[in-house]
Amino acid sequence: MKHLIDIKDLSTDEINHLIVVAQDIIKNKERYSKKCEGKKIATLFYEPSTRTRLSFEAAMYELGGNVLGFSSSSSSSVSKGESVSDTVKVISGYADIIVIRHPKEGAPLVASMKSDVPVINAGDGGHNHPTQTLTELLTIQCEKHRLTDLTIGICGDLKFGRTVHSLIAAMARYKNIKFVLISPKELEIPDYIRKDILEKNNIEYYETNNLEKFMPNLDILYMTRVQRERFFNEEDYIRLKDSYILDKTKLENAKDDLCIMHPLPRVNEISVEVDDDERACYFKQAKYGKYIRMALILDLLGIK
Amino acid sequence: MNIDSIENGYVIDHIKAGKSFEIYNYLNLDKLDTSVAIIKNARSNKANKKDIIKISDNMNINLEILGYLDKNITINKIENGKIIEKYHPDLPEKLVNIIKCKNPRCITSIEQELPHICELTDKENAVYRCKYCEEKVQREGF
């Protein structure tokens, strides 16, 4: 049985296939509206999430399927002390596919080991969030019409940002990708990303704390939020949270076809004045998330 | 002191002096009903002192863990009184309930019944990572 726990579970061909299907769904929504009739998706969200959960639910509804689940630990049997393994064994008798978000790293893997139906990881702490990465890839493909020959700027929290690590790992598969990694010293990418992905694959990359300097070179600018929940120390969070704020002035020297992305939610790292700029793709990106999840659900359920 | 040579079984040699009991426990040798001899502080040309374990009449023991505990150990496989294989054990690909993941964000930190599984991800540098959270785990070999 197929699950999606880590983006590494997918080959490049499988990723490309999901992107092709998602693009076909965008063009021919009606053709897909009954594909999951009679199927149920269970959304097991052990921590709050708005976009990811609603995106999965919307994806299933648009495929003609149904949704059941819970949206916080307090409203589930977890509050009675039930383990992930037990919950999943029970739920896999009720649903055809399970989506799980859990604050503890590795919980979705445990779920996949116990489940009788496909399991999708919708985020496990700071570890993996593969459908977000698929969302970024679909966005890049739709907006830039290619996944090769790109200079990608990634700005903000590169240390704790799981979406950043997965994006680097996923884009490293494609040809002629360059990264510009923009962050304060304290939030630089972890050494294992530098060594195990960038250097191992001979990928050109620059590390800098100067966003403006590299702006004219970028095809994509991926902004991230400095996340309060990843810090053990509130003082460090307050000191670093406003390190980079993207506004119109900073975009003056950017390319006309720059694609500005953000996994959302945004706090203040992208000024609202940028929202009306044609280059702002982050709300479209959230929409693409639904389509790639539709493609993934179909794939894991074996529906063509 | 005389310990008879064995006809069939294993001689685990060049164990760091004083560590044979730990190895005895790791290999669950207390569960065997065949003869097992532990020789402590035997003379060694290489290290002055060493421990040796001899396991008689049992050819089905999983000795993989020895590669993780101490790569200097030598395993002698004996059949009909002759050494048919002599080797240093390799690092095992997977360790189950040998090392505990200490990452407080790992699912194993709250679900006690889960087996602690670590996988060898970098053989050259002997790096093991937790199967669940992928954190590097601290080696606890000798």
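In order, the protein sequences belong to chains R and Z. Numbering of the first sequence is given in the working numbering, commencing with residue 1 and proceeding in unit increments. Numbering of the second sequence is given in the working numbering, commencing with residue 1001 and proceeding in unit increments. All C-beta atoms, glycine included, are put in the ideal place defined by N, C-alpha and C.
| Asked | Found |
| --- | --- |
| Is there contact between the segment 1044-1058 of chain Z and the segment 1015-1022 of chain Z, where contact requires at least three CB pairs shorter than 8 Å? | yes |
| Identify the residues that DSSP records as bridge partners of residue 9 of chain R: which are they? | DSSP lists no partner for residue 9 of chain R. |
| Give the DSSP bridge partners of residue 102 of chain R, in chain order. | R/124 |
| Alpha carbon to alpha carbon, how far is residue 1082 of chain Z from residue 1006 of chain Z? Give it in angstroms, no decimals. | 9 Å |
| For residue 1105 of chain Z and residue 143 of chain R, I'd like the C-alpha separation in whole angstroms. | 36 Å |
| Just to confirm the assignment, what range does the alpha helix (DSSP H) spanning residue 110 of chain R have? | 107-114 |
| For residue 16 of chain R, which three-state DSSP category applies? | helix |
| What does residue 1106 of chain Z touch in chain R if you count any residue whose Cβ is under 7 Å from its own? | 104, 105, 106 |
| In this structure, how does DSSP classify residue 245 of chain R when only helix, strand and coil are distinguished? | coil |
| Distance, Cα to Cα, residue 310 of chain R vs residue 126 of chain R? | Lying before the first or after the last residue shown, residue 310 of chain R is absent from chain R, which here runs from 1 to 304. |
| If the criterion is Cβ atoms closer than 7 Å, does the pair residue 104 of chain R and residue 1107 of chain Z meet it? | yes |
| Using a Cβ-Cβ distance under 7 Å, would residue 1133 of chain Z count as near chain R? | yes |
| Is any heavy atom in the ligand NAP found nearer than 6 Å to the beta carbon of residue 158 of chain R? | By its list of ligands, the structure shown contains no ligand whatsoever, and the ligand NAP lies outside what it can speak to. |
| Rounding to the nearest angstrom, what Cα-Cα distance links residue 257 of chain R and residue 89 of chain R in this structure? | 48 Å |
| Quick one: list the residues of chain R neighbouring residue 1114 of chain Z, beta-carbon separation under 8 Å, in chain order. | 85, 110 |
| Looking at chain Z, is there any beta carbon in it that lies within less than 7 Å of the beta carbon of residue 383 of chain R? | Residue 383 of chain R lies beyond the residue range present for chain R, which begins at 1 and ends at 304; the question has no answer from this structure. |
| Apart from the five residues just before and just after residue 93 of chain R, which ones in its own chain have a Cβ nearer than 8 Å to its Cβ? | 116 |
| Assign residue 53 of chain R to one of three DSSP states: helix, strand, or coil. | helix |
| In the DSSP output, what is residue 261 of chain R paired with across the bridge? | R/222 |
| For chain R, check one thing: does any of its Cβ atoms lie closer than 7 Å to the Cβ of residue 1124 of chain Z? | no |
| Cutting at 6 Å between CB atoms, please list the residues of its own chain near residue 174 of chain R, excluding the five before and the five after it. | 147, 148 |
| Please compile the residues from chain R whose C-beta is within a distance smaller than 8 Å of the C-beta of residue 1103 of chain Z. | 105 |
| Could you please give me the residues that DSSP links to residue 1048 of chain Z through a beta bridge? | Z/1044 |
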